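Q: Got a structure for you, questions after.
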Amino acid sequence: MKLLVTGGCGFIGSNFVFHMLESYPDVSIVNLDLLTYAGNLENLQDVTSYGERHRFVRGDISDPDMVCSLISEKPDVVVNFAAESHVDRSIMDCCAFIHTNIRGTQVLLDACRQYKIPRFVQISTDEVYGSLALDDPPFCETNQICPNSPYAASKASADLLVRSYHKTYGMDCVITRCSNNYGPYQFPEKLIPLMITNALHDFQLPVYGDGLNVRDWIHVQDHCRAIDLAIRKGRTGEVYNIGADSEFPNIEIVKHILDRLSKSHSLITFVKDRPGHDRRYAMNAAKMRNELGWQPLVDFREGLNQTISWYIEHEMWWQRIKSGQYLNYYEEWYGSSLGGAATKTSS
Ligand code: NAD
Ligand code: TDX
1 MKLLVTGGCG FIGSNFVFHM LESYPDVSIV NLDLLTYAGN LENLQDVTSY GERHRFVRGD
61 ISDPDMVCSL ISEKPDVVVN FAAESHVDRS IMDCCAFIHT NIRGTQVLLD ACRQYKIPRF
121 VQISTDEVYG SLALDDPPFC ETNQICPNSP YAASKASADL LVRSYHKTYG MDCVITRCSN
181 NYGPYQFPEK LIPLMITNAL HDFQLPVYGD GLNVRDWIHV QDHCRAIDLA IRKGRTGEVY
241 NIGADSEFPN IEIVKHILDR LSKSHSLITF VKDRPGHDRR YAMNAAKMRN ELGWQPLVDF
301 REGLNQTISW YIEHEMWWQR IKSGQYLNYY EEWYGSSLGG AATKTSS
């Protein structure tokens, strides 16, 4: 199977690249990634052992020429991870979110339609459903889309475009919507890696509002296994929710991280709330479980403790991000400056 993966140098995309290469000897992957601030080739350092089964191409999913040149190679499936993914950044300025999350998805869809690509898989999020009250049942695929942040609105727009290309042109499309991921290689702007890395350096831990917002956590490896099933067995035109029934208020997670690192709770600083802050997300993943036979394997406490250990053991990785040094990795790899599109197999 030939895959075109977009955004494969980010957190979930890079974990997915390894999952697929490790699981299937007959899978080869072209990885199209723009290397924004969130894309990091260091996430893929170990991919060299897979030789020409992984090919990295630097480029923008919103660039029709770039996208068509790769899609004309006729991959069996296009899996679209590429996105601007951080809610706080979308609140500051949402231009890049419109460019990548909406326009980029449209460019990919048009190219897939033109070259009759057998399947398009859109990696979406629970945030498109909006917010739940504490006593509401978890989101089902039939819930109304009701996004509250510019990020969520851009992802919801992309989902609607994908749906429309299925309905209008009969394209084979599947959408997955997952809850909050955690695990190795998550950019340290998101709650869990930010809190771990700040705590390790005795920096303040900024908790928004009252800290009682609830998120439903899933280990990135469980998410990758669910996407794998959706690619191979998902029914065309369907949406699949993914979640591991692990709801916790933010403050509990933050306190657990501090306890695990033997740090004082006095590092917690309650700060001004995020505007439009969704109170609670929770996913009903019964369709994924019953139809595709998926189930999460990683227990949350165990997965969180392993993740804390991973950040302790990989301080160089996140220090290079915090210092900005990781942005030089591309030049070290290619011996040329950032800016142009480039292509190289990982061997
Ligand atoms: P991330 O921010 O870590 O990675 C995004 C990747 O996309 C980066 O490598 C970046 O360089 C690349 N990218 C950005 N703009 C691009 C463009 N125009 N062209 C090509 N590449 C571009 O994000 P993530 O957390 O790995 O999320 C991946 C996907 O999963 C996103 O679509 C996100 O909406 C979705 N998702 C994330 C979570 C989560 O908890 N992180 C949960 C559910 C769904
Ligand atoms: O410094 C912080 N302090 C804080 O209290 C940060 C960064 C976050 N928070 C809170 C806000 C949320 O209630 O923690 C919770 C999680 O925040 P994020 O890590 O920013 O994630 P969230 O906004 O829930 O969105 C995430 O899940 C769905 C991902 O970033 C999205 O890409 C994904 O689609």
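Throughout the sequence shown, residue numbering follows full-length UniProt numbering, covering 1 to 347 in sequence.
Glycine is no exception: its CB is placed at the ideal position from the N, C-alpha and C atoms.
On a predicted model such as this, the values are computed, not experimentally measured, just so you know.
1. When the Cα of valine 298 is compared with those of Asp278, Asn290, Met316, Val220, which residue comes out closest?
2. According to DSSP, is lysine 2 part of a helix, a strand, or is it coil?
3. For ligand 2, is there any heavy atom lying closer than 8 Å to the beta carbon of glycine 7?
4. Measuring straight from C-alpha to C-alpha, what distance separates tyrosine 329 and isoleucine 91?
5. Alpha carbon to alpha carbon, what distance is there between lysine 2 and isoleucine 231?
6. My output table needs one value for serine 346: the three-state DSSP class, helix, strand or coil.
7. Measure the C-alpha to C-alpha separation of isoleucine 102 and valine 121 and round it to an integer number of angstroms.
8. With distances taken between CB atoms, is the gap from alanine 226 to threonine 307 smaller than 9 Å?
9. If we ignore side chains and look at the alpha-carbon of each, how far apart do lysine 344 and asparagine 143 end up?
10. Go through its chain and collect everything with a Cβ distance to lysine 233's Cβ below 7 Å, but skip five positions before and after it.
11. Going along the chain, which residues of its own chain have a beta-carbon closer than 8 Å to the beta-carbon of asparagine 213, five neighbours each way excluded?
12. Which ranges does the beta strand (DSSP E) cover as unbroken runs of at least 3 residues, wholly within the region 23–100, from first to last along the chain?
13. Using a threshold of 8 Å, is the CB atom of leucine 203 nearer than that to any non-hydrogen atom of ligand 1?
14. Three or more beta-carbon pairs under 8 Å between the region 77–85 and the region 1–16, yes or no?
15. Taking its Cβ as the centre, do 16 or more other Cβ atoms sit within 10 Å of aspartate 259, making it buried, or is it exposed?
16. Are the Cβ atoms of valine 30 and leucine 70 separated by less than 9 Å?
17. Enumerate in chain order the residues of its own chain whose CB-to-CB distance from aspartate 296 is below 6 Å, with the five nearest sequence positions on each side excluded.
18. In whole angstroms, give me the CA-to-CA distance for isoleucine 218 and threonine 168.
19. With a threshold of 8 Å (Cβ to nearest heavy atom), would tyrosine 329 be considered close to ligand 2?
20. May I ask which residues mark the beginning and end of the beta strand (DSSP E) holding leucine 327?
21. Give, in chain order, every unbroken run of the beta strand (DSSP E) that is at least 3 residues long and sits entirely within the region 238–269.
22. Taking leucine 205 as part of the beta strand (DSSP E), name the residues at either end of that continuous run.
23. Residues bridged to arginine 119 by DSSP?
24. Nearest CA to the CA of isoleucine 312: which residue from Ile196, His166, Ala96?
25. Taking C-beta to C-beta, are glycine 10 and phenylalanine 187 nearer than 9 Å?
26. Which of the three DSSP states, helix, strand or coil, is assigned to cysteine 178?
27. So the alpha helix (DSSP H) tryptophan 294 belongs to, where does it begin and stop?
28. Rounded to the nearest angstrom, what separates leucine 261 and valine 271 at their Cα positions?
A: So, to answer that:
1. Val220
2. strand
3. no
4. 29 Å
5. 12 Å
6. Unreliable placement is indicated for serine 346, whose pLDDT of 36 sits below 50; the coordinate value is still reported in the next sentence. DSSP places serine 346 in coil when its eight states are reduced to three.
7. 15 Å
8. no
9. Because the pLDDT of lysine 344 is 38, which lies under 50, any placement of that residue in the model is unreliable, and the question is left without a value.
10. Leu292
11. Pro249, Asn250, His277, Asp278, Arg279, Arg280
12. 28–33, 54–58, 77–80
13. The identity of residue 203 in the sequence shown is phenylalanine, whereas the question assumes leucine. Phenylalanine 203 Cβ: outside cutoff for every heavy atom of ligand 1.
14. yes
15. exposed
16. yes
17. First, the amino acid is wrong: residue 296 is proline here, not aspartate. Closer than 6 Å at Cβ, skipping near neighbours: Asp222, Ala244.
18. 34 Å
19. no
20. Here leucine 327 belongs to no beta strand (DSSP E), and DSSP marks it neither H nor E.
21. 239–242, 247–249
22. 205–208
23. Val77
24. Ile196
25. yes
26. strand
27. Unbroken run through tryptophan 294: none, as it is neither H nor E.
28. 22 Å
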